[in-house]
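Undergrad: Quick one: this structure, given as structure tokens, is what I'll be asking you about.
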Amino acid sequence: MQEMTKAHIAGYSLDMVADMRDWELSRLQIVTEVLRDKVREEYANGTGVTDLAKKAGVTRRTIHQWIE
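With numbering that gives the first Met the number 0, letter number 43 in the sequence shown gets 42, and the count goes up by one each step, no holes.
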């Protein structure tokens, strides 16, 4: 599989790059939803906010928003 570098993507048409962006944004939304569910699950099991933020790679503020 070809590495998706900026130079590689630049070789595609505008329509193709726009479609790729839409697909990636959709994928990001799904992954974020799953991550949020996992954070809530671990929080319910007693994991602290700071540890969750480190594991998830987001801020403590984000964790607080997800667990409210």
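All residues carry an ideal CB built from backbone N, CA and C; glycine is no exception.
Restricting to Cα atoms, I'd like to know which of 23, 56, 25, 24 is closest to residue 37.
TA: With distances taken between Cα atoms, residue 37 lies closest to 56.
Undergrad: Does DSSP put residue 3 in a helix, a strand or coil?
TA: In this structure, residue 3 counts as coil in the three-state DSSP scheme.
Undergrad: With distances taken between CB atoms, is the gap from residue 52 to residue 58 smaller than 8 angstroms?
TA: Yes. Within cutoff.
Undergrad: For residue 65 and residue 54, what's the separation of their Cα atoms in angstroms?
TA: Cα to Cα, residue 65 sits roughly 14 angstroms from residue 54.
Undergrad: Please name the residue, chosen from 16, 62, 13, that lies closest to residue 43 on a Cα-to-Cα basis.
TA: Of 16, 62, 13, the residue nearest in Cα terms is 62.
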